[in-house]
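Under the numbering used here, think of the first position of the sequence shown as 239, with each following residue one higher.
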Amino acid sequence: MRFEGDPDFDAAFAARGVPSFTVTRRSKTTGASGSVTAMARRVAVTREMAGDIPESASLVGGAVSANCVIDLDVAAGAPSAFKKADRDAWLGAPVTVAAGYNLDPLTVFTGVARELATSEAANGGSLSLLDGSDGMRAAVTLQPFGSYWSRPGGERARYPTNLSAVVVAALHRCGIRVTPDPGAGAVISVPLVFGALADVGWTVPWGVGVPDGADWLTPGPFGPAPAGLGGVWSVNAFPAAVKVWGSDVTLYRLDMWVNTAGLTAAATAMAVMRWAGYVLTVNARAGGVCWSVATPTGGTVTSPWRSTAAGWARCTVDVRTSGTVTSWLAGTRSELPLGSALPGVAAEKTEFRLELPGFGRLQQVSVVAATGEQPNPTGTFTPQADVDRALLDVDCVPVVDGRVAWEVCKEVAAAEFGMVGFDEDGRFVFRNRASLNGSTVPVATWGTDLVDDLAGSAAVDSVRTRITGSCRPRWFVDAGRGAETEASTAEPVAVADAAPALGWGVTTLLLTSADPWVSETGHVRRIAALGEAWDVEAGIVFCDDAGGNARSTRAGLSARLVQLSPYAAAVLIRNETGFLQYPVWPAEWVLDEGTPFGFSAGDPAIWVNGRAVRGEFAPVSVDVTASAAALAAWGERTLELGESEWRQNPADVKALADQLAADLASPRLELRDMTVPADLRWQVGDLIKLTDWAGRVPDIQARITRIQLSLDYQVENGITGTYSLRALPG
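This is the structure in structure tokens:
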């Protein structure tokens, strides 16, 4: 929740000259802007934390929510609840509040107008605003996506989901993007979380184009591909449709934001795109970006290094069929020839691969296939969501069906005592407890003479010397993929229960299961030989008749898988053969022994060999006691961690209990409602140090748990802050 303000704010805050604040809104109905700055008597912005841990704990946990109340002077022309035009213009409209000391104001609140009240007798009124949590009202059904992890011995395995995927999926459901919508003609647009692929699916499944009009956020279980790529994430895709290229058109455009801050003088590969024997590489170093294109004949064309200021820079590279590469860096255009035109092709549908080794330094990566000269890319780097990547993985797919996204995000934060909320600019943030407690440098030091009333309290009721809890891990069994010798144990996680005739175009079939399961792929492989059926992640066989008497070898048949829930997936089958086709098992493959999964001729032959949830472990109890000294001093005082489907790993619950036992082993000092001149950059969770030059109060370090900003021209210093703190242990 750190807010990096104007670099001149330190001097302005020290001087605390004439304060200023502005309140602006954009009408929800007309889009027109308006302001209540002149008629606002007072603005109060309150930001506080809500969690389920004892109030006196120094840990920061739960959801940070904010509200704003603006007192209005109706005589000055403020909006009135009596006027329909004002109600229509203000209610539901985005409103921004900014404040500052003799300089351009800093944003202190972004939200939505929820209530407009007017008192005729008092000739005044109020406007109540709520932060971005109001926009997180969409129902969420979590998809079983997952991150990869390494089993002992280095074998790669996959979690069905993790907390970052849960939060990002909820954000996307509510229209909040980790990366924005792709440009027109996007072949692929990769959601990135701190430069790593988010496990939430992206535009193009493996080897299949996206139909026109398809939602690019349609979920798909296409996690990062680990095989043979080391630490490089990779995505394979086709263009969405067959392209007929002219003599001088853009073949592909690679568009991304690169962060050059902190790089060395050595060239670092940020992104690599491969297609038809060509390799486009974008490199960055301290203060610069360049690109190179390697051709199938062994030639390489490299651009000069282009300088850019440290930080985020937009880099766009267009490869044109004329053999020209056009690039933009921070809006500046340059062009270089490859030396020869790209191979002339009448219909281009070449598979390409996008590799992203630039961890933490890339955002908003997309590839566009388009014709004609592409416009100069413009824009400002404004990430809309901030998601902590160093998170606690959960071991299964919690069933979240139709719950409100904001409530799910709060549950995730509360389970491991992290933080979710919206910052001053309206951007969503998610922090886990490790990153929150990792901030140990005070943002400010207050002398007790600065505080109007330093009143502290401590209660023995907040002491806990024993922490108990439990979790119920769930486990997966492999579907039994392997050699035919495993016929007695192999079992697919899902098999189609119908095999309709497939006419021309796309037919959708549903695969369901009583148990939760996770697909390992979105690509459904067409089986050409009996033995292949055991080894694929998802397979399908086609026949020319419903009885399976004649196996089809026709071209123009393909399928892809989209998992809809932990219990169901849709199979999209495309038939371009011109003949009726049937997804059934062929009679010629039915053997006396060893027929995969016991298939008979004519059985529906669509199956998924994924990972199935077959049961649960017994509950695992966690019981942690504080030191012997704490027990002797305060006795046994128990805090029981509530049940949470997000707590499934006993080791993680034990670590949390250990931290709580150390944090709650003695009474903790609380300091409430301290009013000081406000620095608009201080945040909930920030560390404050208090000192007393007279020596009456020992030095204290405490975290901010509540902030109320009061912006008022009639108050000395203009902007005051009322803060509540919780002292750190020790």
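No residue lacks a Cβ here, since even glycine has one placed at the ideal position from N, Cα and C.
Just so you know, these numbers come straight off a predicted model, no measurement behind them.
- From the listed residues Val605, Arg599, Ser541 and Thr570, the smallest Cα separation to Leu576 is found for Ser541.
- Around Ala806, the same chain offers Leu748, Leu749 and Thr750 as residues with beta carbons nearer than 7 Å, after the five sequence neighbours per side are excluded.
- Cβ atoms of Leu344 and Ala337 come within 8 Å of each other, at about 7 Å.
- The three-state reading of DSSP puts Asn521 in strand, counting E and B together.
- Looking at the backbone, the Cα of Lys321 and that of Thr356 are separated by about 10 Å.
- By alpha-carbon distance to Val637, the top candidate from Leu802, Tyr516 and Glu654 is Leu802.
- Contact between the stretch 918 to 926 and the stretch 888 to 896 is absent: fewer than 3 CB-CB pairs across the two stretches fall below 8 Å.
- Distance from the CA of Glu775 to the CA of Leu768, rounded to the nearest whole angstrom, comes to 15 Å.
- Trp931 counts as exposed, since fewer than 16 other beta carbons sit within 10 angstroms of its beta carbon.
- Counting along the chain, Val312 sits inside no beta strand (DSSP E), nor does DSSP assign it H or E at all.
- With distances taken between CA atoms, Val312 lies nearest to Arg280 out of Ala331, Ser296, Arg280 and Thr334.
- For the alpha helix (DSSP H) assignment, the uninterrupted runs of no fewer than 4 residues enclosed by the stretch 844 to 917 are, from N- to C-terminal side, 866 to 872 and 888 to 901.
- Remark: C-beta atoms of Ala532 and Thr519 approach each other more closely than 9 Å.
- The residues Ala377 and Val378, in chain order, have a CB closer than 8 Å to that of Arg641 in the same chain once the five nearest residues on each side in sequence are set aside.
- Taking C-alpha positions only, Gly299 is separated from Asn675 by approximately 10 Å.
- Beta-bridge partners assigned by DSSP to Leu692: none are found.
- In this structure, DSSP gives Val935 a state outside helix and strand, which the three-state scheme calls coil.
- The Cβ atoms of Leu592 and Ala509 lie closer than 9 Å to each other.
- Within the model, the alpha-carbon separation for Ala868 versus Ala899 is close to 10 Å.
- Taken through DSSP and simplified to helix, strand or coil, Asn670 comes out as coil.
- Shortest Cα-Cα distance from Ala282 to any of Arg571, Cys553, Gln946 and Asp841 involves Gln946.
- For Arg665, the closest of Ala623, Glu654 and Pro680 by C-alpha to C-alpha distance is Ala623.
- For Leu489, the closest alpha carbon among the candidates Thr498, Leu501 and Arg512 is that of Arg512.
- Take Val274, set aside five residues on each side of it, and the residues of its chain with a beta-carbon closer than 6 Å to its own are Val261 and Ala316, in chain order.
- Under a 10 Å Cβ-count criterion, Phe668 is classified as buried, with 16 or more other Cβ atoms of the shown protein chains found around its own Cβ.
- Across the structure, Ser271 and Gly349 are spaced so that their CA atoms are roughly 15 Å apart.
- Rounded to the nearest angstrom, the gap between the Cα atoms of Glu814 and Trp742 is 6 Å.
- Contact between the stretch 873 to 882 and the stretch 904 to 924 is not established, with fewer than three Cβ pairs separated by less than 8 Å.
- By the criterion of at least three beta-carbon pairs nearer than 8 Å, the stretch 546 to 566 is in contact with the stretch 492 to 502.
- As computed with DSSP, His761 is found in a beta bridge with Arg798.
- The distance from the Cβ of Asp631 to that of Asn670 is about 11 Å, inconsistent with a contact at the 8 Å cut-off.
- Residues of the same chain with a CB within less than 7 Å of the CB of Ala682, apart from the 5 flanking positions on each side, are Asp917, Trp920 and Ile926 in chain order.
- Around the Cβ of Pro857, a 10 Å sphere holds fewer than 16 other Cβ atoms; the residue is exposed.
- Straight-line spacing of the CA atoms in Ala403 and Leu409 works out to 10 Å.
- Taking 8 Å as the upper bound for CB-CB distance, Ala839 and Trp823 are in contact here, some 6 Å apart.
- Cβ-Cβ distances below 6 Å link Glu286 to Arg944 in the same chain, with the five nearest sequence neighbours on each side left out; the list follows chain order.
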